[in-house]
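Residue numbers (the working numbering), protein chains in the order written: chain A, 13 to 107; chain B, 2 to 484. Positions of the beta carbon are idealized from the N, C-alpha and C atoms, including for glycine.
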């Protein structure tokens with residue numbers, strides 16, 4: 013697998029990160045290095061081995077269906093650049 | 002019933018699959034302890050988890066897991082004891098995390114099937130692909146400001162069950178029947194309130210067209226439908242739009258569309274070709290969800306009677322036809338009402354009075370059965386009066402109208418208005434004799450072969466008795482006397 017500049021551009025767009033043409037070249041090389049390094053893992057024979065989902069021997073903890081949180085409108089909105097009547101206000105996002 | 006559409010170049014059939022989003026009736030959210038009630042003031046039911054503050058960790062709500070399993074069992078589906086939560090990555094103003102926690106490769110519920118009721122009383126099996134648990138997004142309001150959107154995160158993090166059907170549906174009516182059946186199942190279970198107006202049940206419609214039984218065509222997805230009437234309109238519009246495109250030599254573009262309730266048209270929603278690149282990966286904040294078979298068994302042991310079981314029981318136990326049965330089971334409250342009416346009473350009368358008189362009157366008055374002015378016990382009382390010949394069916398209709406008006410008991414109305422059926426042979430005979438004496442010419446005509454006049458005599462007697470004479474006795478007496 014190799015990451016060309018077009019792929020860099022695509023994943024940057026998906027992550028909403030702006031990259032210049034020089035950066036695209038640079039990241040393409042860096043990402044390829046990382047991927048090449050990781051590809052060493054392909055040499056390991058993993059036939060018949062269950063995927064490891066966690067390194068701790070635990071299953072998902074479940075909580076009771078109780079209301080224990082919320083009612084902190086002020087805190088929730090504290091970092092918002094703009095608010096009105098308890099809402100977050102953002103540039104219009106109509107599709 | 003496949004409904005074929007006539008195009009310019011031949012016939013087409015539509016192929017439809019549905020994704021139904023049903024909000025779990027939990028008190029708190031799927032991964033946080035904030036409340037879920039509808040209509041709270043903006044951002045008041047938001048925890049720091051729902052607002053996606055850095056470092057906050059999701060903890061799953063056991064009730065939501067339980068309801069997903071119950072719903073899966075009701076859909077006759079396979080329950081996966083191990084399922085995995087994944088992140089579905091996309092950016093939108095009402096999605097603070099930048100991803101939705103959902104299930105992708107390993108959902109909690111696998112394949113199943115349900116039965117839907119068609120207008121002609123027949124049924125069709127619709128296969129279910131899967132049911133998975135996921136978070137709802139927040140809500141954006143676009144009409145509060147000319148250049149801004151207002152965001153309320155109260156809905157953010159609510160638990161949704163997404164129920165995905167296979168592309169088994171072939172007409173708008175089948176889709177309507179499928180949505181109604183899923184809604185009924187959810188409401189019988191109580192796992193979702195099925196309230197489409199408040200958005201606790203929403204639906205995405207995947208539709209393509211093809212020549213009958215040909216290969217599948219390219220589909221479009223119509224998002225976020227919350228009324229059965231609009232779903233039917235959107236399907237009709239979208240099918241004819243696709244037919245026009247193909248018949249004019251173009252290709253249908255696979256895309257997401259929105260239904261405009263004002264114009265009745267669908268329009269393209271997202272055009273960027275990589276908008277659907279969600280880069281799913283297992284959520285590192287959540288371990289795989291592992292449940293025990295005993296957990297599933299305990300739920301299975303406590304399942305309520307479901308719509309289709311009820312339907313089959315009504316058909317078998319009460320000799321009901323499939324259509325009436327499907328009408329009665331369509332709403333849980335309706336079935337509950339019926340079961341009170343029918344208890345120790347004539348099933349056929351109970352069915353007819355409920356499906357025609359009561360439902361008709363409720364519809365006219367725009368009332369739900371929960372708000373019926375005539376209670377189930379009261380309707381049962383009326384039926385008893387018919388069964389034991391206290392009143393005739395015709396008088397019963399009058400009594401019912403009065404009951405619907407005043408919420409009085411049937412027997413009270415009958416007694417107050419003196420509507421009791423006359424079953425005293427002497428009294429009826431007197432009226433019969435009177436009628437015969439008044440119409441010697443008609444008797445002549447009858448005896449010379451005009452059999453139809455028998456109805457005239459019955460009518461006259463009933464009229465004279467103000468409808469109170471027992472019709473069977475009137476018939477018998479007239480027959481005897483006209484011999």
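Residue i: first and last residue of the uninterrupted beta strand (DSSP E) it sits in
| i | result |
| --- | --- |
| residue 471 of chain B | Note, residue 471 of chain B: premise wrong, no beta strand (DSSP E); not H, not E. |
| residue 19 of chain B | 12–24 |
| residue 203 of chain B | 202–211 |
| residue 60 of chain A | Premise fails: residue 60 of chain A is in no beta strand (DSSP E) and is neither H nor E. |
| residue 136 of chain B | 124–136 |
| residue 260 of chain B | 257–261 |
| residue 7 of chain B | 5–7 |
| residue 163 of chain B | 160–166 |
| residue 140 of chain B | 140–142 |
| residue 149 of chain B | 149–153 |
Neighbour-count burial assignment, residue i, 16 or more Cβ in a 10 Å radius
| i | result |
| --- | --- |
| residue 161 of chain B | buried |
| residue 325 of chain B | buried |
| residue 123 of chain B | exposed |
| residue 99 of chain A | buried |
| residue 244 of chain B | buried |
| residue 305 of chain B | exposed |
| residue 100 of chain B | buried |
| residue 71 of chain A | exposed |
| residue 56 of chain B | exposed |
| residue 389 of chain B | exposed |
| residue 240 of chain B | buried |
| residue 226 of chain B | buried |
| residue 67 of chain A | exposed |
| residue 73 of chain A | exposed |
| residue 188 of chain B | buried |
| residue 387 of chain B | buried |
| residue 367 of chain B | exposed |
| residue 28 of chain A | exposed |
| residue 1 of chain B | Coverage of chain B is limited to positions 2 through 484, which leaves residue 1 of chain B absent and any answer about it impossible. |
| residue 42 of chain A | exposed |
Residue j beta carbon less than 8 Å from that of residue i
| i | j | result |
| --- | --- | --- |
| residue 64 of chain B | residue 27 of chain B | yes |
| residue 170 of chain B | residue 21 of chain B | no |
| residue 309 of chain B | residue 116 of chain B | yes |
| residue 232 of chain B | residue 180 of chain B | yes |
| residue 157 of chain B | residue 83 of chain A | no |
| residue 140 of chain B | residue 153 of chain B | yes |
| residue 384 of chain B | residue 400 of chain B | no |
| residue 435 of chain B | residue 484 of chain B | no |
| residue 292 of chain B | residue 66 of chain B | yes |
| residue 112 of chain B | residue 130 of chain B | yes |
| residue 278 of chain B | residue 26 of chain A | yes |
| residue 267 of chain B | residue 242 of chain B | yes |
| residue 269 of chain B | residue 248 of chain B | no |
| residue 412 of chain B | residue 470 of chain B | no |
Span of the alpha helix (DSSP H) around residue i
| i | result |
| --- | --- |
| residue 223 of chain B | That residue, residue 223 of chain B, is in no alpha helix (DSSP H); its beta strand (DSSP E) goes 221–226. |
| residue 103 of chain A | Premise fails: residue 103 of chain A lies in the beta strand (DSSP E), 99–103, not in any alpha helix (DSSP H). |
| residue 46 of chain B | Per DSSP, residue 46 of chain B belongs to no alpha helix (DSSP H) and is neither H nor E. |
| residue 15 of chain A | Per DSSP, residue 15 of chain A belongs to no alpha helix (DSSP H) and is neither H nor E. |
| residue 182 of chain B | 173–190 |
| residue 241 of chain B | 229–248 |
| residue 383 of chain B | 377–388 |
| residue 270 of chain B | Taken as a continuous stretch (DSSP letters only), residue 270 of chain B belongs to no alpha helix (DSSP H), as it is neither H nor E. |
| residue 40 of chain A | 33–50 |
| residue 543 of chain B | Outside the shown range of chain B, which is 2 to 484, sits residue 543 of chain B, and nothing can be said about it. |
| residue 404 of chain B | 394–407 |
| residue 361 of chain B | 360–365 |
Residue i: contacting residues in chain D (beta-carbon distance under 7 Å)
| i | result |
| --- | --- |
| residue 55 of chain B | Protein chains A and B are contained in the structure displayed, whereas chain D is not. |
Flag this pair as touching only if the stretch 147–164 of chain B and the stretch 98–105 of chain A have three or more C-beta atom pairs under 8 Å; answer yes or no.
yes
Whether or not the stretch 120–136 of chain B and the stretch 75–94 of chain A are in contact is what I'm after, with contact meaning three or more pairs of Cβ atoms, one per stretch, closer than 8 Å; do they touch?
no
Just to confirm the assignment: which complete alpha helix (DSSP H) runs, minimum length 4, are found wholly within the stretch 273–351 of chain B?
For the stretch 273–351 of chain B, whole alpha helix (DSSP H) runs of length 4 or above, ordered along the chain, are 294–301, 308–319, 323–330 and 333–343.
Do the stretch 78–86 of chain A and the stretch 28–39 of chain B make contact, defined as three or more Cβ pairs closer than 8 Å?
Proximity of the stretch 78–86 of chain A to the stretch 28–39 of chain B meets the contact definition, three or more beta-carbon pairs being nearer than 8 Å.
Contact the stretch 458–465 of chain B vs the stretch 376–383 of chain B: 3+ CB pairs below 8 Å:
no
Ignoring anything shorter than 3 residues or poking outside the stretch 89–114 of chain B, list the beta strand (DSSP E) runs there in chain order.
100–104
Entirely within the stretch 410–438 of chain B and at least 3 residues each: give me those beta strand (DSSP E) ranges in chain order.
none
Is the stretch 206–213 of chain B close to the stretch 326–336 of chain B, with three or more CB pairs under 8 Å?
Result no; under three Cβ-Cβ pairs closer than 8 Å.
State whether the stretch 191–202 of chain B contacts the stretch 215–222 of chain B, with contact taken as three or more CB pairs (one from each stretch) at a distance under 8 Å.
no
Are three or more beta carbon pairs between the stretch 345–354 of chain B and the stretch 314–324 of chain B nearer than 8 Å?
Yes, the stretch 345–354 of chain B is in contact with the stretch 314–324 of chain B.
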